[in-house]
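K.L.:
Residue numbers (UniProt numbering): 1 to 949. Using N, Cα and C, we set each Cβ at its ideal position, and we do this for glycine too. This is the structure, below, for whatever I ask next.
Have a look at this one:
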């Protein structure tokens with residue numbers, strides 16, 4: 001049957017390809033494949049009724065006589081009478097007279113039985129063995145072949161033994177045990193007791209043999225020469241990278257972390273390119289030659305996916321696949337390969353699965369798996385599976401570097417081995433030199449290159465249902481996350497889940513850091529209203545939402561109850577102002593949102609949600625049964641048609657208690673500041689994009705409202721208004737003013753908190769005692785600074801390590817300010833204003849920890865690109881005469897340089913910018929080429945819009 005023509009994918013509105021619908025079989029019961037006919041073939045010149053040969057008395061032929069072919073008349077399936085491991089000579093016999101010549105596929109067919117010619121002139125009867133994808137020698141009295149695997153020599157009708165495929169046959173699980181082991185690869189527990197025992201015994205025997213053979217093989221195995229490693233890609237396209245990978249080899253090995261989606265993202269997004277460049281086979285770990293391969297072959301030939309394969313792929317998506325049951329999983333990877341005509345080949349077998357999780361068992365499993373996978377690929381190549389290939393395995397099996405003990409598949413095959421790492425911000429894909437792994441266990445795992453792949457942020461930072469079941473009991477415990485530390489032996493949570501949790505947490509920290517490296521806040525861009533101090537709540541809320549779509553309401557430990565009261569009491573006002581969403585910190589989107597949505601639609605609050613809300617209220621020291629509990633907020637908001645949305649995820653959830661907890665040990669570390677600001681910004685933006693722009697309010701800790709230590713808050717990131725609530729005593733009950741800032745205590749020290757507006761809420765009749773803030777207490781690192789106003793003028797204040805405060809009076813000489821000593825700014829630079837000097841200090845990594853009252857005097861300038869807020873930040877623009885390079889110089893001025901068309905080279909570009917080292921003689925292919933040069937050769941920083949991060 002000829003393969004069906006695959007349908008090329010379209011593109012959905014979400015920017016993801018439409019994969020073809022793989023059809024499931026319409027007949028429910030499993031139907032056995034038809035076997036070759038079992039009648040006795042009638043050959044020319046022979047009797048129609050050949051007697052059965054006697055098994056005890058071999059026929060003695062005179063020299064030169066030709067033996068007749070006899071085939072037993074097998075009425076039905078019986079056990080093979082021959083054992084595996086017999087040499088090919090046992091199955092070979094002289095070719096009889098009248099046997100037809102080889103057909104186009106090399107077979108000599110007599111009455112539905114196939115014979116092939118050997119190089120010594122003899123013939124052998126063969127039958128196809130799906131488990132090793134080879135025709136194998138078959139004795140006349142066998143129902144299934146037991147002999148060596150064969151392959152056809154290219155360009156001839158001669159067949160030879162495929163030693164690699166033959167070596168695989170003893171490890172394949174017999175058919176009678178496959179149904180039991182398919183569902184429980186480690187310890188069969190389905191079927192009858194006797195069947196379970198038999199399957200387990202057979203599996204143990206196969207594993208023992210595979211391990212012994214693998215150990216013997218690698219003791220004497222000499223790996224092929226190592227390939228030439230391509231240079232790390234400097235902004236190259238994925239296609240250029242793939243071409244470089246295959247420049248000196250036919251194969252490529254990708255190593256992945258078990259739950260990392262990056263490998264699937266790279267393969268699925270580049271499957272068309274792989275096919276165009278001649279890749280014909282995708283090898284996958286976790287699929288088994290003796291169980292799934294026949295289903296994979298049927299899918300490749302017919303486009304029909306069996307129910308067994310469909311179930312297996314969905315299970316892999318849960319156990320080994322991406323972090324969420326989303327687009328990038330094993331099922332879609334296999335169907336994407338099918339779409340582009342790439343055959344999928346299993347690398348595992350039932351015997352290569354691990355039965356234990358200890359370190360010794362992992363090494364044994366790796367050795368077995370790589371040996372089996374290595375033989376699968378060698379057998380495939382001999383069988384004529386032409387074209388290039390790519391393999392996806394776990395990183396240990398892909399990139400091991402101990403030849404005699406645990407080599408990886410890349411080393412065993414002599415091809416490039418890549419370690420795939422997920423990133424959320426950065427190029428779509430790029431290769432980097434690998435970083436040597438630390439620790440004695442990982443020192444022998446080393447890829448040729450690291451392949452950095454950009455993955456969707458939701459896939460990386462939202463937990464799958466499998467993760468939730470294991471994390472949920474601990475995630476809200478006061479010390480639960482710390483107990484989940486992989487090195488903590490008191491915790492019984494699955495070690496892989498804990499390791500994955502901390503891997504993703506580290507990725508989120510790195511992503512947030514990268515995000516705020518490129519994110520800028522443009523002063524004066526947000527509509528903060530001018531309000532009378534005694535404005536009632538309804539009035540100042542109306543004023544805020546007149547010109548703003550969002551309000552970020554910040555609280556602390558003392559004002560949380562009053563802030564909740566303000567919110568609940570004014571829900572009718574918010575509904576009248578068409579506020580549709582209230583985003584709440586400490587509720588988790590991946591754990592709690594479905595429960596919140598169910599309550600909003602049905603009006604019935606399940607006990608699970610009640611317990612979650614009670615837990616959060618206790619963490620905030622709020623009465624869970626009181627008028628201002630989270631449960632009451634949900635009930636009251638639903639009555640007004642306002643939906644509650646979670647603003648945290650399991651990965652971003654705080655590791656201890658809340659802001660300014662009385663116990664300093666549990667005060668939040670400022671490491672969480674960029675993490676939560678980033679994830680909350682992404683969640684709000686995604687919600688606004690999905691449902692359309694609408695008005696909203698976010699209830700968060702006050703450190704996340706506006707900028708703190710130069711990390712933009714939610715108000716700046718969303719273009720909203722920031723309102724910080726502060727508990728006071730005495731009257732009036734409410735007082736709203738521009739926020740002049742307060743100093744707050746954290747586990748890392750004292751820091752200044754400042755929002756757009758401050759709402760003082762009276763919580764008692766007598767005034768609260770509070771010490772006057774001292775901004776100098778916010779100086780903790782040598783890179784911290786603030787600028788004070790003194791009678792002598794403006795004073796730069798720093799706190800060197802283990803030294804008193806350093807005070808530098810900022811005095812202009814001839815209208816210019818020099819940089820302070822030790823700041824890292826070149827001494828020859830000069831600044832026309834204190835504001836410019838402060839800007840330059842921040843551009844070299846210093847942090848202004850507190851604002852100067854009244855602001856700093858600056859230079860009046862018309863700045864058309866305020867978002868280029870650091871020296872060296874650039875973008876390309878378009879003017880009437882053509883494209884231009886716009887970049888920020890070290891003196892804060894904006895430079896606009898025309899990009900030239902090269903004379904006599906209409907398709908090439910040039911640039912004359914002496915300050916950057918370009919004299920106009922350089923040639924660039926296009927703007928992308930110029931961009932790469934500016935980034936990698938000149939160390940400039942490209943501007944990236946929020947939506948692209």
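Please state the DSSP three-state secondary structure of residue 778.
P.N.:
Locating residue 778 in the chain shown gives position 778, where the first residue counts as 1. It is helical.
K.L.:
Look up residue 181 in the DSSP assignment and say whether it is helix, strand or coil.
P.N.:
Locating residue 181 in the chain shown gives position 181, where the first residue counts as 1. Three-state result, residue 181: helix.
K.L.:
Taking C-alpha atoms, which residue in 103, 108, 112, 122 lies nearest to residue 94?
P.N.:
Your numbering for residue 94 matches position 94 in the chain shown. With distances taken between Cα atoms, residue 94 lies closest to 122.
K.L.:
Could you say if the region 280-298 and the region 338-349 meet the contact criterion of at least three C-beta pairs nearer than 8 Å?
P.N.:
Because the criterion of three Cβ pairs below 8 Å is met, the region 280-298 and the region 338-349 touch.
K.L.:
On the three-pair Cβ rule with 8 Å, is the region 137-156 touching the region 255-270?
P.N.:
Result no; under three Cβ-Cβ pairs closer than 8 Å.
K.L.:
Using a 10 Å radius around the Cβ and a threshold of 16 neighbouring Cβ atoms, would you call residue 879 buried or exposed?
P.N.:
On the chain shown, position 879 is the one that residue 879 refers to. Burial call: exposed.
K.L.:
Do residue 673 and residue 711 have their C-beta atoms within less than 7 Å of each other?
P.N.:
For the purposes of this step, residue 673 is taken as residue 673 along the chain shown, with counting starting at 1. For the purposes of this step, residue 711 is taken as residue 711 along the chain shown, with counting starting at 1. In contact: residue 673 and residue 711 (Cβ atoms closer than 7 Å).
K.L.:
In the structure shown, what three-state DSSP assignment does residue 26 receive?
P.N.:
Residue mapping note: residue 26 aligns to position 26 of the chain shown, counting from 1. In this prediction, residue 26 scores a pLDDT of 42, lower than 50, which makes its location untrustworthy; the coordinate-derived value is nonetheless stated afterwards. Residue 26: coil per DSSP, three-state reduction.
K.L.:
When the Cα of residue 196 is compared with those of 208, 183, 901, which residue comes out closest?
P.N.:
On the chain shown, residue 196 is found 196 positions in, with the first residue counted as 1. Answer by Cα proximity: 183.
K.L.:
With a threshold of 6 Å (Cβ to nearest heavy atom), would residue 499 be considered close to the ligand GDP?
P.N.:
What this structure holds is no ligand at all, so the ligand GDP is not there to describe.
K.L.:
Please list, in chain order, all residues of the same chain as residue 704 whose beta carbon is under 8 Å from its beta carbon, the five residues on each side excluded.
P.N.:
In the chain shown, the residue the question calls residue 704 occupies position 704. Contacts found: 552, 554, 585, 673, 676, 677, 680, 713, 714.
K.L.:
Where does residue 170 sit, in a helix, a strand or coil, going by DSSP?
P.N.:
Along the chain shown, one-based indexing puts residue 170 at 170. The answer is helix: DSSP assigns residue 170 an H, G or I state.
K.L.:
Can you tell me where the beta strand (DSSP E) with residue 431 in it begins and where it stops?
P.N.:
The count along the chain shown starts at 1 and reaches residue 431 at position 431. Per DSSP, residue 431 belongs to the beta strand (DSSP E) from 429-432.
K.L.:
What do you reckon, are the CB atoms on residue 850 and residue 786 nearer than 7 Å?
P.N.:
Taking the first residue of the chain shown as position 1, residue 850 is located at position 850. Taking the first residue of the chain shown as position 1, residue 786 is located at position 786. For residue 850 and residue 786, yes; Cβs fall inside 7 Å.
K.L.:
Quick one: what's got a C-beta closer than 7 Å to residue 334's C-beta in the same chain, skipping five residues either side?
P.N.:
Position 334 of the chain shown holds residue 334. Cβ neighbours of residue 334 beyond the five flanking positions: 313, 344.
K.L.:
Is residue 605 helix, strand or coil by DSSP?
P.N.:
Sequence index remark: in the chain shown, residue 605 carries index 605 (1-based). Three-state DSSP puts residue 605 in coil, outside helix and strand.
K.L.:
Quick check on residue 846: does DSSP put it in helix, strand or coil?
P.N.:
Here the question's residue 846 lines up with position 846 in the chain shown. Of the three classes helix, strand and coil, the one that applies to residue 846 here is coil, per DSSP.
K.L.:
Which full runs of the alpha helix (DSSP H) of 4+ residues lie inside the region 618-660, going along the chain?
P.N.:
Taking only runs of at least 4 residues, the alpha helix (DSSP H) segments lying wholly in the region 618-660 are 630-639.
K.L.:
Please work out which residues of its chain come closer than 7 Å, Cβ to Cβ, to residue 809, disregarding the five sequence neighbours upstream and downstream, and give them in chain order.
P.N.:
Translated into the one-based positions of the chain shown, residue 809 becomes position 809. The residues are 792, 793, 795.
K.L.:
Can you name, in chain order, every residue of its own chain whose Cβ lies under 6 Å from the Cβ of residue 406, other than the five neighbours on each side?
P.N.:
If you number the chain shown from 1, residue 406 lands on position 406. These residues qualify, in order along the chain: 363, 366, 367, 400.
K.L.:
Among the candidates 569, 218, 115, 164, whose CA atom is the shortest distance from the CA of residue 137?
P.N.:
Here residue 137 refers to the residue found at position 137 when the chain shown is read from its first residue. Closest by alpha carbon: 115.
K.L.:
So, with DSSP's three-state summary, where would you put residue 153?
P.N.:
In the chain shown, residue 153 corresponds to position 153, counting from 1. Coil, per DSSP.
K.L.:
Is the distance from the Cβ of residue 633 to the Cβ of residue 568 below 7 Å?
P.N.:
On the chain shown, residue 633 is found 633 positions in, with the first residue counted as 1. On the chain shown, residue 568 is found 568 positions in, with the first residue counted as 1. Closer than 7 Å, so yes.
K.L.:
Go ahead and label residue 930 buried or exposed: buried means 16 or more other beta carbons lie within 10 angstroms of its beta carbon, across all protein chains shown.
P.N.:
In the chain shown, the residue the question calls residue 930 occupies position 930. That one is buried.
K.L.:
Comparing C-alpha positions only, which one of 582, 222, 463 sits nearest to residue 411?
P.N.:
Here the question's residue 411 lines up with position 411 in the chain shown. Minimum Cα distance to residue 411 is reached at 222.
K.L.:
Just list the beta strand (DSSP E) runs in the region 106-146, keeping only unbroken ones of 3 residues or longer that don't cross its boundaries, in chain order.
P.N.:
Those beta strand (DSSP E) runs which fall completely within the region 106-146 and span 3+ residues are 108-110, 113-118, 122-129, 134-137.
K.L.:
Using three-state DSSP, classify residue 545 as helix, strand or coil.
P.N.:
Locating residue 545 in the chain shown gives position 545, where the first residue counts as 1. Residue 545: helix per DSSP, three-state reduction.
K.L.:
Per DSSP, residue 708 forms a beta bridge with which residues?
P.N.:
As a working note, residue 708 is residue 708 in the chain shown. Residue 708 pairs with 711.
K.L.:
Can you give me the C-alpha to C-alpha distance between residue 938 and residue 845, rounded to a whole angstrom?
P.N.:
The residue you call residue 938 lines up with position 938 of the chain shown. The residue you call residue 845 lines up with position 845 of the chain shown. One C-alpha to the other measures close to 19 Å.
K.L.:
What are the boundary residues of the beta strand (DSSP E) that includes residue 922?
P.N.:
Walking along the chain shown from the start, residue 922 turns up at place 922. Premise fails: residue 922 is in no beta strand (DSSP E) and is neither H nor E.
K.L.:
Select from 892, 696, 908 the residue whose C-alpha is nearest the C-alpha of residue 899.
P.N.:
Here the question's residue 899 lines up with position 899 in the chain shown. Checked all of 892, 696, 908; the closest Cα to residue 899 is 908.
K.L.:
Can you have a look at residue 433 and say buried or exposed, based on whether 16 or more other CB atoms are within 10 angstroms of its CB?
P.N.:
The residue labelled residue 433 in the question sits at position 433 within the chain shown. The residue is exposed, with fewer than 16 neighbouring Cβ atoms inside 10 Å.
K.L.:
Taking all protein chains shown into account, decide if residue 594 is buried (16 or more other Cβ within 10 angstroms of its Cβ) or exposed.
P.N.:
What you label residue 594 is simply residue 594 of the chain shown in a count that begins at 1. That one is exposed.
K.L.:
Beta carbon of residue 279, beta carbon of residue 390: below 7 Å?
P.N.:
Taking the chain shown and counting its residues from 1, one reaches residue 279 at position 279. Taking the chain shown and counting its residues from 1, one reaches residue 390 at position 390. Yes, Cβ-Cβ distance for residue 279 and residue 390 is below 7 Å.
K.L.:
Pick out whichever of 706, 97, 192 has its Cα sitting closest to the Cα of residue 738.
P.N.:
Within the chain shown, residue 738 is the residue found at index 738, counting from 1. The shortest Cα separation from residue 738 among 706, 97, 192 belongs to 706.
K.L.:
Just checking my contact of residue 924 with residue 904 at CB under 8 Å: how many whole Å lie between their CB atoms?
P.N.:
Position 924 of the chain shown holds residue 924. Position 904 of the chain shown holds residue 904. So it is not a contact: roughly 15 Å between Cβ atoms.
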